Amino acid sequence: MPSPPPQSPPPQTAPGRPGRITLADFRAAARELLPAAAFDYLEGGAADERTVRWNAEAYERLALLPRVLAGLPGVDMRCTLYGTELSSPVLLAPTAAHGLFHPEAEAATVRGAAAAGALTTVSTFSTLTLEEIGAAATGPWWFQLYVQRDRALTEDLVHRARAAGARACVVTVDTPVTGLRERDLRNGFALPSHGAPVNLAGAAAGSGPDAAAPANPGIHDPRIDPAVGWSDLEWLRTVSGLPVLAKGIVRPDDARRAAEAGIGVWMSNHGGRNLDTAVAPLTTLPAVAEAVAGRVPVLIDGGVRRGTDVVKALALGADAVAIGRPYVWGLAADGAEGVRATLRALHRETELALTLLGAPNPASLTPDLVGPAWRSPQ
Ligand SMILES: Cc1cc2nc3c(=O)[nH]c(=O)nc-3n(C[C@H](O)[C@H](O)[C@H](O)COP(=O)(O)O)c2cc1C
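Sequential numbering from 13 applies to the sequence shown in our numbering.
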């Protein structure tokens, strides 16, 4: 008697939604579900979107050099940041206005991240209040701050965030004004009421040249202070009582200055949304890591779409990696479950990459595991 044919293994799909395996699958779903102008707001960058492309290409230009016969019994993906243990070194970068993408807005985001053991960074421009988000959060979160012209309002935001459960304050330092978002200009896009920044409700609009005539009238918030300096970060450390990170650093000299002041370094060019042709952070990561010399954590975001991207950033000196657009694709596609599923997909891919590289944990990734690709992407 012939033996029965072997059962084919079940397809590797993200649980709940057959066919969505990769972050790109969630992007396709979000594109289908979202109104075109909201998808453009999410996807777009500044001007010609060269930096958006460079962020991704920086990862494509690198190859991995796996170490064989490493004799690994398994891989431990855990990572600790400022005393908080996370399931992996991948966290959520702050993105504004989650109400645009799902009715449960940031509540779904923090729940989905917690289900994946990940940390959320909540934007100043969230569409739920910090208190509502804190109440919904079952996992760790940080607060992203745009320093307001009104310093009393700024201090109040930080105090509210801390009282609601935020464990660190991430100060965005690359956005004195909003970049030239030409997709939004063409679409005549302005944040609708379900994307309004409720944490700033009642705050007076700012003044100054960019307040009167911002490049992007629909999305630029004139209450953001364009004149933030290093002394503001010191001040925030004092008034917040929280660890402070500066998000938007790409230069080694800025990174050194931050590290000397005990400010965490979050490398970013805002996902290519501000200064077009700004350098991809991955390009300057080795020099930044050298300048920081382990004094403070180094985080990086922009263009991370695969577990192999995560391991490249970690190997070149990052302590953790953040994603922006990809988890919003998950949020738009499937709410909290979509956020969880995008994080899990990246977690699985990263774990697999570590195993195939012969690396037992993220901390064991070293620059010799990365080299130039055979040829640049077409
Ligand atoms: C729709 C959207 C909104 C964003 N809002 C904020 C924000 O409120 N504050 C901030 O610091 N960065 C913001 N960012 C930038 C992200 O934190 C992050 O730097 C960027 O998305 C990383 O690139 P990636 O999208 O390629 O992963 C936003 C990005 C997107 C796509």
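Where is the CB? At the ideal position from N, CA and C, for every residue including glycine. In this text, all values refer to a predicted model and were calculated from it rather than measured experimentally.
Ligand 1 heavy atom lying under 7 angstroms from the CB of Gly276
no
DSSP three-state call for Phe155: helix, strand or coil?
DSSP places Phe155 in strand when its eight states are reduced to three.
Tell me whether Ser100 counts as near ligand 1, meaning its Cβ is closer than 7 angstroms to at least one heavy atom of that ligand.
no
Could you tell me the alpha carbon to alpha carbon distance between Thr378 and Tyr71, rounded to whole angstroms?
The alpha-carbon of Thr378 is positioned some 16 angstroms away from that of Tyr71.
Indicate whether the contact test is met: 3 or more Cβ pairs, each with one atom in the region 80-98 and one in the region 360-368, closer than 8 angstroms.
yes
With respect to the alpha helix (DSSP H) encompassing Val240, which residues constitute its N-terminal and C-terminal limits?
If you look at Val240, you'll find it isn't in any alpha helix (DSSP H); DSSP assigns it neither H nor E.
Where does Thr190 fall in DSSP's three states?
coil
Below 8 angstroms on the Cβ atoms is my contact criterion, and I expect Asp288 with Glu61 to pass it. Report the Cβ-Cβ distance as a whole number of Å.
7 angstroms
Take every Cβ of the region 197-217, pair it with every Cβ of the region 296-313, and state whether three or more of those distances are shorter than 8 angstroms.
no
Start-end ranges of the alpha helix (DSSP H) lying completely within the region 110-141, minimum 4 residues
117-127
Tell me, to the nearest whole angstrom, how far the beta carbon of Ala348 is from that of Ala127; I am working on the premise that it is less than 8 angstroms.
7 angstroms
Over the uninterrupted alpha helix (DSSP H) stretch that includes Pro293, give me the two end residues.
Pro293 to Val304
With 16 other Cβ atoms within 10 Å as the buried cut-off, status of Glu97
exposed
May I ask which residues mark the beginning and end of the beta strand (DSSP E) holding Val102?
Val102 to Leu104
At a cut-off of 7 angstroms, would you count Ser280 as near ligand 1, judging by its Cβ distance to the nearest heavy atom?
yes
Return the chain-ordered list of same chain residues with a C-beta closer than 8 angstroms to the C-beta of Leu381, the five sequence neighbours on each side being excluded.
Leu76, Leu77, Pro78, Arg79, Val323, Ala327, Leu369 and Ala371
Other residues of its chain near Ala178: CB distance less than 8 angstroms, five sequence neighbours each side excluded:
Within the same chain, Cβ atoms closer than 8 angstroms to the Cβ of Ala178 are found at Val134, Leu142, Gly146, Trp153, Trp154, Phe155 and Leu254, the five residues on either side in sequence being excluded.
Local conformation of Gly253 per DSSP, three classes
In the structure shown, Gly253 sits in coil (DSSP, three-state: anything other than H, G, I, E or B).
So what's Ala267 in DSSP terms, helix, strand or just coil?
The answer is helix: DSSP assigns Ala267 an H, G or I state.
To the nearest angstrom, how far is it from the Cα of Trp278 to the Cα of Asp331?
10 angstroms
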